[in-house]
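Worksheet for the structure shown next.
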Amino acid sequence: MLNYVEMLKLESHEEGGYFGLYYQSPNKVMPLSSRYKNDATEQRIERHAGSSIYFLLEKQGFSAWHRLKSDEIWHYYAGSSPIDIYIIDDNGRLKIYTLGHPNIIENALFQVVVKAGVWFAAKVRDELSFGLVGCTVSPGFEYHDFELAEKYRDQLVKQYPELTSIIDRFIKPNVIQSNNNHTYDHHVAPHKNQLSAKDYVRKLKLERYQEGGYFCLNYKAKDSVFSLDPHYKNNAATASSQKTKWDVSTQERSAGTSIYFLLDKQDFSAWHRLKSDEIWHYYDGSPIDIHIIDQYGNLNTHILGNPSMTKGASFQVVIQANDWVAAEVKDKLSFGLIGRTTSPGLKYGDFELADRKILLFQFPQHENIINRFTRITPTHSKSWPSKTTMIGYATVALVASLGLYSLFKENVISDIYVDDLKSRLQM
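In the numbering used here, the protein residues as written are 1 to 427.
Encoded structure:
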């Protein structure tokens with residue numbers, strides 16, 4: 001019997017369902033939004049850059065109305081039922097999003113973003129089934145950021161009288177289904193891929209990516225954070241003085257970003273590294289082998305996939321900041337569709353594509369795998385689009401050289417915070 005509660009070491013959650021912390025960033029940030037001020041001192045509080053959990057809903061269980069201080073992205077991993085997410089937006093309108101597998105439910109999404117501060121609830125559509133998801137939060141989740149709506153019931157009904165029935169439906173946490181004597185079988189028969197790689201490229205409006213594969217930006221946080229980690233600093237000596245001066249703007253980032261990413265058949269993600277930690281999330285298709293060379297030169301391979309179908313696989317894999325990473329699909333006749341989230345959010349200067357000669361000089365013991373996953377020139381799909389001229393290739397190469405990550409262009413840091421941040425960083 002397959003039991004995700006035992007496999008992932010999940011515990012009952014006070015909002016309903018089961019959860020387990022998977023990742024908490026070791027890096028600290030200073031959020032610039034006033035939401036994160038200490039109510040007593042009016043000072044901003046340092047946070048972990050990001051966090052991620054597994055979360056399971058099943059049968060009649062549901063996630064009761066609650067809200068967070070940070071944006072949260074829900075990722076659909078497994079189950080025989082989609083999850084309906086109910087959100088009361090800033091204008092008091094009820095919106096319902098379907099988190100699930102587009103192969104099974106046409107309008108379903110692998111990622112749903114819940115904005116900070118809004119009330120939301122969730123339930124499995126099929127009350128005889130279950131849904132397993134991941135939830136990533138940027139800046140990272142803190143327990144005091146979490147607030148159940150039960151004590152605000154009368155206030156919510158008064159404010160949104162037309163939503164009384166749906167508010168009451170999910171107002172009181174249902175933890176009856178979340179007991180410690182869990183015996184539910186989470187086995188699901190493998191589904192046949194109705195959507196091809198080409199279908200996903202069109203459906204998600206993916207574009208060719210400079211590291212290989214296809215991608216699209218799905219989310220960029222509006223909130224900004226100031227990274228307190230030293231590796232974000234860009235130091236340069238001024239012309240008039242040999243003293244080092246920190247460039248404050250290089251440490252400011254959006255709180256988080258998320259993309260869809262697809263690898264097809266023989267294509268691969270070439271060796272590259274980021275300044276932020278990145279989590280890869282498995283959605284559909286072939287499992288993906290993720291090769292990582294860490295800062296000490298150790299080479300490890302992690303399998304991104306469904307652990308119930310692929311031995312040693314995980315729905316989430318974390319790539320630490322500044323580690324070199326490359327990836328390929330296991331099944332060379334198939335494709336792999338994933339999500340990639342970064343905290344703090346990515347901007348163009350954070351992405352570095354490896355130079356083969358330099359990487360071989362640093363890690364000669366890994367010659368074969370370095371050669372295998374570096375390219376001399378940018379690679380392009382031969383079938384998408386079907387008619388690509390040499391001029392078209394040149395255009396794509398030019399875009400790649402400028403960096404598709406320019407989509408992640410930085411927010412401008414507000415001068416009002418600079419003095420305080422300088423003092424905190426002892427600049």
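The beta-carbon is built from N, C-alpha and C at its ideal position, and this holds for glycine as well.
First and last residue of the uninterrupted alpha helix (DSSP H) at T374: Neither: T374 is in no alpha helix (DSSP H) and is coded neither H nor E.
Neighbourhood of F62 by C-beta distance below 7 Å, restricted to the same chain and skipping five residues each side: G16, A121, A122, K123, F170 and N174
Are the CB atoms of L99 and I85 within a distance shorter than 8 Å? yes
Which residues in the same chain as V329 place their Cβ atom closer than 6 Å to its Cβ, once the five residues preceding and following it in sequence are excluded? L263, S286, I288 and G336
Taking the C-alpha atoms as reference points, what is the distance between G339 and N322? 19 Å
Span of the beta strand (DSSP E), counted from its first residue to its last, around K95: L94 to L99
If contacts are defined as beta-carbon pairs under 8 Å, then H366 and L299 qualify, I think. What distance do you get, rounded to the angstrom? 5 Å
Using the three-state DSSP reduction, which class does Q177 fall into: helix, strand or coil? Caution is warranted here: a pLDDT of 49 is assigned to Q177, below 50, making its placement in the model unreliable, and the coordinate value is therefore given only provisionally. Q177: coil per DSSP, three-state reduction.
W324 and I290 closer than 8 Å at C-beta: no
Report the three-state DSSP secondary structure of T164 (helix, strand or coil). helix
Select from A189, G131 and H66 the residue whose C-alpha is nearest the C-alpha of Y143. H66
Helix, strand or coil at V157 according to DSSP, with G and I counted as helix: helix
Measure how close the beta-carbons of P102 and K203 come, nearest whole angstrom, since I'm counting them as under 8 Å. 7 Å
Mapping DSSP to helix, strand and coil, what is D145? helix
Going by beta carbon distance, what residues of the same chain come within less than 7 Å of H186, once the five residues before and after it are set aside? L2, N3, Y4 and F130
In whole angstroms, give me the CA-to-CA distance for L360 and Q320. 21 Å
So what's H366 in DSSP terms, helix, strand or just coil? helix
Beta-carbon contacts of H13 that lie in its chain and below 6 Å, excluding the five residues immediately before and after: F19
List the endpoints of the continuous beta strand (DSSP E) containing D277. D277 to G285
Can you grab the Cα-Cα spacing for the pair L132 / Y219, in whole Å? 21 Å
For K69 and L163, the rounded distance between their alpha carbons: 23 Å
Looking at C-alpha atoms only, which residue of P344, I358, G79 and I83 is the closest neighbour of P26? P344
Pair within 8 Å by beta-carbon distance, S254 and V137: no
Starting from the C-beta of V118, find all residues in its chain whose C-beta is less than 8 Å away, skip the five residues before and the five after it, and write them out in chain order. R67, I87, I88, D89 and D90
Give me, in chain order, the residues of the same chain whose beta-carbon lies closer than 6 Å to that of K9; leave out the 5 immediate sequence neighbours on both sides. G20
Hey, how far is the Cα of V188 from the Cα of G79? 7 Å
Does the ligand PLP have a heavy atom nearer than 7 Å to the CB of V157? You won't find the ligand PLP in this model; it holds no ligand whatsoever.
Is it the case that the Cβ atoms of T374 and D277 are separated by a distance below 8 Å? no
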